[in-house]
Each structure stands twice: as C-alpha cells, then as structure tokens.
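Numbering (this note's numbering), first residue to last: 10 to 243.
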C-alpha cells in the first residue's frame, strides 16, 4: 500500500514541478524541463517497484510529462516550436549517454566507491539504450504531428483534453511498443513480454489522463513571450 500512496503523491509533486517550471521561467522553463525530464526518466527506469501486484519500472510519470510539455508548446507556440523541443530532448539524451559511457570507461582509483553505482545506473546494455533513444525519437515526433492533426478537427479551447489525450495515448503506445520490442522481445516469453507491454501502457494511459488538469492550468499562465512581437517604430 505504501508504494501506491507514495506513487500518487510523487505524481502530484512531479506535475507540480512541471507547472512551477513553466510558471517561473516561461518557454525557457519548458525547454529546461524537456532536457531534465528526458535524463531523469531514463535514470529512474533502472529501479523496479511493485504496485497492484505488478512489477513495473519507474520513469513513466516523468516520461508522460514530456508529452505534456510538447503538447503545451504545440498549443501555445505552434508545431515547429514543439518539434524543436523534441530535438532538444533527443540531443540531451544522446549527450548524456555518450558522456556517461566515457565517464564509466575511466579506471577508478582503488578507494573509489562510485564506479559500481554509476555502472548500475548508466551502464545500460546497448540494446536498452537503443530502445530508449528510438522510442523517444519516434513517439515524440508522432505526438507533435498527431496533436496538430487532431487540432484541425477539435480546435476549440475547451477541447484541449481531446487533443492532449488523443495524441499522447496513441504516441505513448507506439513508444511502449518500440521500447519493449527492442529491449525485451526474445529476452522473455511472448506472454511475459505482452504483459510488460500492456501493463506499462495502461499505467501511462492513466498518468496521461491524470496530467490533463495540470495542462489546463499551465495553458492559463501568461508570459510576455506569449504575445506577438510588436513592430518597432520606423
């Protein structure tokens, strides 16, 4: 029971920091969130916990917040801005992976106590790293495209939940399918692989719905950059 209660509290804190980052720093804060959340989500995925009798990895809440961020950028600043943010997150993930693999390659001093812990966190198998990078790249760009497409049919302000949930729930399934296929297909029996796929997606589905009210709150924040720039007098 502790993990369930703590997980709900963690979700509220996670989405609360998302709101605070945008409220305090505007669009720059959203880019910062993309960079930080991309790295943290891939660190958290190393830890497994049990909820509702199901063993799952952490990182899903943080990862869902990436969809909230790209959808918010798409909503307020347009599709191109959202795509730029996705590229920024992809670059951040590659940069972190490369640099930390280089750090692990250093020979530790005899009294060093960090190498083993760092190896556990950052020494992911190439297959897992490939799955994470591929899933992020494909699903995030798909989310941006789907959001823009759905917006053509549901453009009204109160229909934000349709745009957000419609795009995210499709793209997060693609993300889960790609990652689980690259990382786990062949490592487990098909039944176990399917269970991992479905439980992970259902958890993301619930988190996406839970994050929608936070997206509505974030959309109502106002910053100077939200307004179109005025032409300077000649």
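Glycine included, every Cβ here is placed at the ideal spot set by N, Cα and C.
query	result
Give me the Cα-Cα distance between residue 162 and residue 90, rounded to the nearest whole angstrom.	21 Å
Leaving out five residues on either side along the sequence, give the residues of the same chain with a beta carbon under 7 Å from the beta carbon of residue 146.	99
When the Cα atoms are used, what is the spatial distance from residue 27 to residue 18?	14 Å
Per DSSP, what kind of secondary structure is residue 10 in: helix, strand or coil?	coil
For the alpha helix (DSSP H) containing residue 204, name the first residue and the last one.	199 to 228
Got a sec? Which residues, its chain only, sit under 6 Å from residue 64 by beta carbon, not counting five neighbours each side?	57
Taking the alpha-carbon positions, what's the residue 232 to residue 40 distance?	15 Å
How big is the Cα-Cα spacing for residue 72 and residue 105?	16 Å
What did DSSP end up calling residue 54 once you bin it into helix, strand or coil?	coil
For residue 194, which three-state DSSP category applies?	strand
Can you tell me the Cα-Cα spacing of residue 228 and residue 221, whole angstroms?	11 Å
Just grab the DSSP bridge partners of residue 84 for me.	BP columns for residue 84 are empty, so no partner.
Of all the options 193, 74, 97 and 66, which has the alpha carbon lying nearest to the alpha carbon of residue 223?	74
Taking buried to mean at least 16 other C-beta atoms within 10 Å of its own C-beta, is residue 180 buried or exposed?	buried
Strictly by DSSP, which residues pair up with residue 64?	59
Any idea what DSSP makes of residue 123, helix, strand or coil?	coil
In terms of alpha-carbon separation, which member of 103, 172 and 114 lies closest to residue 77?	172
Pick helix, strand or coil for residue 167, following the three-state DSSP scheme.	helix
Measure the CB-CB distance between residue 184 and residue 144 and report whether it falls below 7 Å.	yes
Is the beta carbon of residue 31 closer than 7 Å to that of residue 25?	no
Verify whether the separation of the beta carbon atoms of residue 200 and residue 157 is less than 7 Å.	no
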